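K.L.:
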Amino acid sequence: MARKAKVVPETPFMNVKDAARVTGLSECYLRKQLKEGNIPHIMSGRCIRINVPALLRQMDAVK
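Below you can see the structure in the form of structure tokens.
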């Protein structure tokens, strides 16, 4: 599935919901990948912030 346009996030770190919107991936898929350690992220307590630019680079490298 091709993405329509590159989106440049305003901030490099986003919560799961916003990262799903930007990448076009489902929240469920992102959470599964986070649990497996496949997505660059940081945690502060229970708060997860995904490094969206790094995730987009990973997605481009897989293609």
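First residue of the sequence shown? That's 279 in this note's numbering, and the numbers climb one at a time after it.
Ideal Cβ placement from N, Cα and C applies to all residues, glycine included.
All values reported here derive from a predicted model rather than from experimental measurement.
#1: Entirely within the region 297 to 339 and at least 4 residues each: give me those alpha helix (DSSP H) ranges in chain order.
#2: Apart from the five residues on each side of it in sequence, which residues of its chain come closer than 7 Å, Cβ to Cβ, to L312?
#3: With a threshold of 8 Å on Cβ separation, who are the neighbours of L308 within its own chain once the five nearest residues in sequence on each side are excluded?
P.N.:
Inspection of the coordinates gives the following:
#1: List check, alpha helix (DSSP H) in window: 305 to 314.
#2: These residues qualify, in order along the chain: H319, I326.
#3: The residues are V294, A297, A298, T301, I317, I328.
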